[in-house]
Each structure stands twice: as C-alpha cells, then as structure tokens.
Amino acid sequence: MSTYTITDARKVTTKRVRDMKAAGEKIAMLTGYDFTMASLLDQAGIDVILVGDSASNVMQGNLTTVPITLDEMIIYGRSVVRACKRALVLIDMPFGTYQGDPIDAQRNAVRIMQETGADGVKLEGGREILDNVKMILRAGIPVCAHLGLTPQSINQFGSYATRATTDEEAQRLLIDAQALSQAGCFMLVMEKIPAELAARVTRSIAIPTIGIGAGAGTDGQVLVMQDMLGLNMGFKPKFLRLYDHMGEQMINSVGNYISDVKNGAFPTADESY
Ligand code: KIV
C-alpha cells in the first residue's frame, strides 16, 4: 500500500500549484498516457499528470518525440482526463504545432483544450516563441513552459547532453524563464540543467518550477512514469530513481500465465462457467 496519504482531495488547479510554491509545498508530477495508468496515479495522489510527447518514445516506440502528431496527443490526453478526479492534467503540444504562425499555435492549443478537457498545455522554448505563448495565453489557456533540454529540438542539438553548462547559456535560460513567467505562464519545466542554475531560476521567478534532472532546488519534480516504475528496462540515466521493477515483474507474471495455459493449469473448474 502507498506510504503517502492525500490530505487535500480537492482538484489541483493552476492557482493551487502557485499556492504550493508560496507555501513551500513540493509539487509531484509524473507523465501518463492512458486511462488505466492515469487512474492509478490519480488515486495515489499525484498533483500533476503530464501527457508528455514522450508518448512518442514510450507508447509508440519512436526514437524521438518529433513524429507524434496533434491528433495522437489528443487521443492520449482525452483518456488521461477521463481518469483524473484530482490531478491537474497538462498536455504537451507536439513538434511543429506552436512554433509557426501565432494564430495556428492558438488554434492548436484550443483544439487540445476543447477536445480533451485538459487543464493546460506545455510547450518547449524561450523568447523565440514568446509571441506564440502570449497568443495562447490570450485565449485563456494555461501554459507550462519547458526550458533546458528540449527534446523536440534534438535534431538541432544532436545530443541529449546536459544543457546550460556555460555562463552564456545559463544566462540565456534565466532570462527566458523570467520572460515566460512575466508573460503569464503558470509553471516551468526545466530539464537536465545544473542544479545550481535550476535553484537560481526557481528563486528568481514567481511561478512554480518543475525539474527533471535539475536537482532538488526546484518547486517540484517530474519523471516519465514508465522509467520510474522500471517498465523501460535498461534506461537508467543519473537523474532517474527506480521506484519499482515492474518490467521484470510483468515478464515473470506473463511467463507464469503462458506456462499455466500450456500445461492446462489455467483455467480450473472454479474459473469456468
Ligand atoms: O514529454 C515529456 O515526458 C516531458 C517530460 C520529460 C518533462 O516533457
């Protein structure tokens, strides 16, 4: 059974996560992509579920997040929203759906909100997409920004190495974070950057920050659910803590089922009509 007790069963809202930052209460976020798993995360008391475009990797088997489409994200998003009573649900805007014409960016964000019932969208980038972020915010859509390692730009960077390790890049990230916060984003994800920089950004902006590979100084943490449950076997970057070994357990359980079917041990008379 869970070691965590939910003390406040009210729906988590964008105001609530801001209040959590103000109160010094850490925000727990995980990715989720389907009804069954999201329902379990919600029952466990997770604050935020991110329907990440990491679905491209963990649900679809692609090497990067680039191939996933808006229609596919909407299908995953809708399934997660249906499962959640308490968690705030955020949906990633996929590659190519928000970087061009601001009107198109707003239209795509509106589609996500209308067709899924999510609480907000997340998108990657800093000042280069600020006009588009403002256009989405103008429609009344909560936006979570994402800086540092931005996997949708993998083809430009060519590696998943730690970002903002030089003074110049760190300064650029800090100014991006401040611009996104001032523009009205309600939250900021920072991925794979030095812990000291993430803590500095967290202190310097009004909105909550969520880290992944960004140390302990952020207002909350996010991990990909499959990774932290040990379903994505063999994937063990430094920032990941394994909370389970479900991949091994599943292979074992499925193996037991196969044996039972093959040797006639399943089903028994009690399991038959
Ligand atoms: O898509 C995703 O899962 C993400 C998290 C890693 C933050 O963006």
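Okay, so the sequence shown: first residue is 110 according to our numbering, each after it adds one.
All residues carry an ideal CB built from backbone N, CA and C; glycine is no exception.
Predicted, not measured: the structure shown is a model, and the values here were computed from it.
Simplified DSSP state of residue i, which is helix, strand or coil
| i | result |
| --- | --- |
| Val331 | strand |
| Met244 | helix |
| Lys135 | coil |
| Val121 | coil |
| Thr178 | coil |
| Ala315 | coil |
| Gly364 | helix |
| Lys371 | helix |
| Ile321 | strand |
| Ala273 | coil |
| Asp128 | helix |
| Met296 | strand |
Residue burial classification, residue i (beta-carbon count within 10 angstroms, cutoff 16)
| i | result |
| --- | --- |
| Thr266 | Looking at the sequence itself, residue 266 is Phe, so the reference to Thr does not match. The residue is exposed, with fewer than 16 neighbouring Cβ atoms inside 10 Å. |
| Gln330 | buried |
| Asn217 | buried |
| Arg272 | buried |
| Asp336 | buried |
| Ser368 | exposed |
| Thr206 | buried |
| Gly170 | exposed |
| Val363 | exposed |
Min CB distance residue i to chain D below 8 Å
| i | result |
| --- | --- |
| Ile321 | The structure shown contains no chain D; it is built from a single protein chain. |
Straight-line Cα distance separating residue j from residue i
| i | j | result |
| --- | --- | --- |
| Met244 | Tyr366 | 53 Å |
| Ile300 | Lys347 | The sequence shown places Glu at residue 300, not Ile. Roughly 13 Å separates the two Cα atoms. |
| Ala147 | Arg125 | 20 Å |
| Ser381 | Phe375 | 10 Å |
| Tyr269 | Val370 | 44 Å |
Contact under 8 Å by Cβ, residue i with residue j
| i | j | result |
| --- | --- | --- |
| Leu282 | Cys253 | no |
| Met202 | Val242 | no |
| Asp156 | Met182 | no |
| Pro251 | Arg127 | no |
| Leu159 | Leu150 | no |
| Ile238 | Gln208 | yes |
| Gln215 | Ala248 | yes |
Residues near residue i in its chain [Cβ-Cβ closer than 6 Å; skip 5 each side]
| i | result |
| --- | --- |
| Ala315 | Ser290 |
| Ala323 | Met299, Ile302, Ala307 |
| Met129 | Ile136 |
| Pro211 | Asp240, Asn241, Met244 |
| Phe204 | Val175, Gln261 |
| Tyr113 | Gly154 |
Cβ-based neighbour list, residue i, same chain, cut-off 7 Å, excluding 5 preceding and 5 following
| i | result |
| --- | --- |
| Pro176 | Ser165 |
| Gly326 | Ala304, Ala307, Ala308, Thr311 |
| Ala118 | Arg195 |
| Ala227 | Gly186, Val190, Val198, Leu199, Ile200, Ile221 |
| Asp353 | Leu338, Gly339 |
| Thr225 | Ile183, Gly186, Arg187, Val190, Ile200 |
| Leu332 | Leu139, Ile321, Leu349 |
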